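Here the sequence shown is numbered in my numbering, starting from 840 and rising by one per residue.
Where is the CB? At the ideal position from N, CA and C, for every residue including glycine.
Only a predicted model underlies this, so the values are computations on that prediction, with no experimental measurement involved.
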Amino acid sequence: MATVQQLDFETKVEHLDQRFATLKASLVKPQHKQKVIESYKRLTKLLEIEVDRIGKFGSALVPEIDFQLVRENGGLLPPAFADLVRDRGCVILRGVVSEEQATAWETSLKEYVQKHPNVGGHPRKRPAAWNVFWTKAQMESRSHPAVLEAMRSVSRLWHVQDLNTSIDFDRQFPLDPHLDSGAIERWEDPTNRENYREIFEGNWQDWDAWKADNRVDAVSDLYQTGTACSAWRSL
């Protein structure tokens, strides 16, 4: 952590265009303003309880399951466990690959970074996350049948209300290495914004984080910066 002496207070942050302030003001309609204020009060009270619970139980709150149980259930997370994962927003699947295989991949990545220190990562001066997404170990792990099986199992948590929602898979144009989801696009793009409609109407408790209807057609790379993926990523 930086000390006060190390912080650069001369750094000037460039102000965003006025249109972003207009966009922000448009997120909550006038008729929903009071409901959003009240919903935020309810949320902060709930968060106080949740923060205390997380402080008490820590990582034990992260749902865990042996992946063999998922396989025996037809590749589906058991219903009660699936509800828990939806609520917590995270999951640990144990036994997807052998410990020997996982160790071999880790060793391979460490050797690669040692041989190619200039590959870089984040943070730049002392990387904790390296740009090794297309190394042999990474490619093997992402394409391993068991890993793909696990990803399918978790992706099945998503659902749509409109069964006519089409999902096209691009097999002709591969994405550049490691692109993340959008930022301001979540609010600026009308379709993307629709994913959070209940929140902006003051009904966050009714928001379904796993509803995929408007995620497929949402524009998540409005600015073509290379830091946002144009395709919806379920995981």
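- Rounded to whole angstroms, the separation of the alpha carbons of Val875 and Glu938 is 48 Å.
- For the 8 Å CB-CB criterion, Leu916 and Ser992 form a contact.
- Secondary structure in the stretch 933 to 1007: the alpha helix (DSSP H) runs of 4 residues or longer, each lying completely within the stretch, are 938 to 954, 975 to 982, 984 to 994 in chain order.
- The beta carbon of His871 sits closer than 6 Å to those of Glu1040, Gly1041, all from its chain and outside the five residues before and after it, given in chain order.
- Every beta strand (DSSP E) of 3 residues or more that sits fully in the stretch 859 to 939 is shown, in chain order, as 903 to 905, 931 to 933.
- Within the same chain, and ignoring the five residues on either side of His983 in sequence, the residues whose Cβ sits closer than 7 Å to its Cβ are Val936.
- Beta-carbon to beta-carbon, Thr1030 and Val1058 are separated by about 7 Å, close enough to satisfy the 8 Å threshold.
- Taking a C-beta distance under 8 Å as the contact criterion, Ile931 and Val901 qualify as a contact pair.
- When C-alpha distances from Trp1046 are compared across Asn1053, Arg1054, Glu1037, the shortest belongs to Glu1037.
- Within the same chain, and ignoring the five residues on either side of Gly959 in sequence, the residues whose Cβ sits closer than 8 Å to its Cβ are Pro966, Trp969, Asn970.
- Distance from the CA atom of His854 to the CA atom of Glu979, rounded to whole angstroms, is 43 Å.
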